[in-house]
Ligand SMILES: Nc1ncnc2c1ncn2[C@@H]1O[C@H](COP(=O)(O)OP(=O)(O)O)[C@@H](O)[C@H]1O
Ligand SMILES: [Mg+2]
């Protein structure tokens, strides 16, 4: 493959960008993760070979395992909630809404991107805090007597995450629902299969590429994020992203932070591999991907 | 009152209309389609064939009117509860399922035992001569094979009525002819009602017991196929069946059987009434099919009608020769003549004077 420049030359820019901005930092992190924190926060190389995996040994502590577990859990739940909320919305926009309304609806989905994510997350603080919009409204409606303590909470973080990631689920789902051939739904009906049967046996399998793309696009940012947890968790709830941030910036222990970050990357890569294998198998079976 | 549904027609359509905004895709159509017949809806693109078919399948709700299947009003019944199946124009096979799974798709919801399914699937694939391809995916099949899968998928459910929307439209000419014969045989063997949509009059003639010719959302004529061909009731039907030879005239006398008509082109002839009423002085139009006209160089024989005309063009077509002639009033007529004898290469001069002849009993009065 390296013989003919005609073959590798066009790919060169891609490899350069990928190498500079993705592979090199990753390699750097990998190397650093085997070092240790210097007395003043710098990086110090270990003297003995047996000390190399020390950071990884440290990270196997229940404290971090629990946080990893919680992060996977929160990201999975975020992804699931996004999927459950987005599918009907995308279905409506792609298959039910009048064609003239589609662009407007899609634009509405994308509107939040016009404001910074941080500001939008802070907006939730204004809504959820003790004297916030939600509590004020509920108090006025006499639905509650005491304001709800919603901040900080796992609930608030979940709300913020689902809110923030929703467009990344809706858009790929919409793209694959839009491509769905409606006569296939009619064919299913015609063969005696009603609405639900048709949904599970035709619509879902044929939009699987969109579902998987949405899952990847939501799960990956959710598992590593730290902004939403910082803002809506008030610094009291830590996910793995916050721990890594704290190691790099707070504890000035870059090597340990790097080892945690690398473990996170490994989890994500493993999930991506499963995804890639699935897509490749599907693509070979059927030509819809 | 008890309705004897066992004797009711397979399909009855009563004054059914379907409007899409301003357009009446189907306009007050009433039709009876009998059990076990091969029935065609014939008409040009946009005349409402698909809409009518989809109304029978249950995908379109009529704006007004009713649809009965076996005497039961199914107007509000959803497609998945109707004992009919539709073969879609572009097959609509499920791309994520194998041929076998496509065919088995509807079986899961049928009352028959599960153990029976595999047998029924392979029986159905045998029926359309597609055994051995069960594990293929639709994109690995040719157009003709896809067509057969679509048929097998519908037939495996043993519908009382099979609806087919231009099912041969996507196939090439040769395959199309083969499938026409095959479909017809299949229908005879199974004895179920086929409702077949096509815009091709030859295809409709080849396959159908009866044909409904549609135009702008209405049924122009619904008759046995030979009747539609030989005795078109309207100018549209006559044209659509490839018989564009129209004569006009005035009724000078008539009896129960026929009217005597005098033409401004200067001839007098008789036209069978076939049950239509008329009165003296009526302006009428009648038509004679091109293969029932002949060209003579002398006066018409006894008992034949004749009209002076002039050759405009002669077209040799192998099986037949087509003549275009023009009468003194400038109207054009087409004549087909079978080439019984070897063509001697003689080309008749354009402008040659001839007499256009026909048997008066072959003339067909056209409704205005
Ligand atoms: N879903 C629809 N919305 C609007 N107009 C339609 C729709 N379906 C059909 N039509 C119109 O109804 C008429 C008949 O269409 P169709 O039944 O598909 O005709 P055919 O099958 O004979 O070609 C056409 O003028 C078509 O444009
Ligand atoms: Mg059509």
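Chains as they are written, first to last, in the working numbering: chain H, 883 to 1171; chain B, 48 to 415.
Glycine is no exception: its CB is placed at the ideal position from the N, C-alpha and C atoms.
Quantities reported herein were computed from a predicted structural model and do not represent experimental measurements.
Subject >> Closer than 8 Å at the beta carbon, the chain H residues around residue 104(B) >> reply: 1072
Original post:
For residue 95(B) versus residue 288(B), is the C-beta spacing smaller than 8 Å?
Top reply: no
**OP:** Would you kindly report the start and end of the unbroken beta strand (DSSP E) that includes residue 383(B)?
**Re:** 379 to 385
**OP:** Starting from residue 405(B), trace the beta strand (DSSP E) both ways and give me its first and last residue.
**Re:** 400 to 405
**OP:** Check whether the Cβ of residue 1088(H) lies closer than 8 Å to any Cβ atom in chain B.
**Re:** yes
Subject >> Shell residues, 6 Å Cβ cut-off relative to heavy atoms of ligand 1 >> reply: 67(B), 70(B), 72(B), 90(B), 92(B), 93(B), 94(B), 95(B), 96(B), 97(B) and 98(B)
Original post:
Which term fits residue 1019(H), buried or exposed, when burial requires 16 or more other beta carbons within 10 angstroms of its beta carbon?
Top reply: exposed
Subject >> Interface residues of chain B facing residue 1092(H) [CB-CB closer than 7 Å] >> reply: Residues of chain B passing the Cβ test: none, with the nearest at roughly 14 Å.
Original post:
Does any C-beta atom of chain B lie closer than 8 Å to the C-beta of residue 1159(H)?
Top reply: no
Original post:
Is residue 213(B) near ligand 2, going by C-beta to nearest heavy atom under 7 Å?
Top reply: yes
Original post:
When the Cα atoms are used, what is the spatial distance from residue 1170(H) to residue 1163(H)?
Top reply: Unreliable placement is indicated for residue 1170(H), whose pLDDT of 44 sits below 50; no coordinate value is reported for it.
**OP:** Please work out which residues of its chain come closer than 7 Å, Cβ to Cβ, to residue 994(H), disregarding the five sequence neighbours upstream and downstream, and give them in chain order.
**Re:** 1002 and 1049
**OP:** Identify every residue that forms a DSSP beta bridge with residue 367(B).
**Re:** 385(B)
**OP:** Please state whether DSSP places residue 937(H) in a helix, a strand or coil.
**Re:** helix
**OP:** With distances taken Cα to Cα, identify the nearest neighbour of residue 325(B) among 219(B), 307(B) and 384(B).
**Re:** 307(B)
Original post:
For residue 1044(H), does the three-state DSSP call read helix, strand or coil?
Top reply: helix
Original post:
From residue 1159(H) to residue 1091(H), what does the alpha carbon distance come to, in whole angstroms?
Top reply: 12 Å
**OP:** Closer than 8 Å, Cβ to Cβ, to anything on chain H: give me those residues from the region 183 to 206 of chain B, in chain order.
**Re:** 184, 186, 200, 201 and 204
Original post:
Between residue 351(B) and residue 280(B), what straight-line distance do the alpha-carbon atoms span, to the nearest angstrom?
Top reply: 23 Å
Original post:
Going along the chain, which residues of the region 149 to 183 of chain B sit with their C-beta nearer than 9 Å to a C-beta in chain H?
Top reply: 152, 153, 154, 155, 156 and 157
Original post:
Hey, would you say residue 1029(H) sits closer than 8 Å to residue 1012(H), going by beta carbons?
Top reply: yes
**OP:** Could you tell me whether the Cβ of residue 413(B) comes closer than 8 Å to any Cβ of chain H?
**Re:** no
**OP:** Determine the DSSP secondary structure at residue 126(B), reduced to helix, strand or coil.
**Re:** helix
**OP:** Measure from the C-beta of residue 976(H) to each C-beta in chain B and report whether the shortest distance is under 8 Å.
**Re:** no
**OP:** Might you give, ordered along the chain, the residues of its own chain that have their beta carbon closer than 8 Å to the beta carbon of residue 206(B), omitting 5 neighbours on each side?
**Re:** 130, 131, 132 and 239
**OP:** Name the two residues that bound the continuous alpha helix (DSSP H) containing residue 193(B).
**Re:** 190 to 202
Subject >> For residue 80(B), the three-state DSSP class (helix, strand or coil) >> reply: strand
Original post:
For residue 318(B), which residues does DSSP report across the bridge?
Top reply: 306(B)
Original post:
Touch check for the region 944 to 953 of chain H and the region 1121 to 1138 of chain H: three-plus C-beta pairs under 8 Å?
Top reply: yes
Subject >> Cross-chain neighbours of residue 1085(H) in chain A, by beta carbon under 7 Å >> reply: Absent here is chain A; the protein component of the structure consists of chains H and B.
**OP:** Please check if any C-beta of chain H sits within less than 8 Å of the C-beta of residue 51(B).
**Re:** Bear in mind that a pLDDT of 49 at residue 51(B), under 50, signals an unreliable position, so the model cannot answer this.
**OP:** Please report how far the alpha carbon of residue 81(B) lies from the alpha carbon of residue 984(H), in whole angstroms.
**Re:** 45 Å
Original post:
DSSP puts residue 980(H) in a beta bridge; with which residues?
Top reply: Answer is none; residue 980(H) lacks a bridge partner.
**OP:** Step through the CB atoms of chain H and report whether any lies within less than 8 Å of the CB of residue 117(B).
**Re:** no
**OP:** Take residue 1058(H) and list the residues in its own chain whose beta-carbon comes closer than 7 Å to its own, dropping the five residues that flank it on each side.
**Re:** 1089, 1091 and 1092
Original post:
Skipping 5 residues on each side, what residues in its chain have a beta carbon closer than 8 Å to that of residue 941(H)?
Top reply: 1138, 1141, 1142 and 1145
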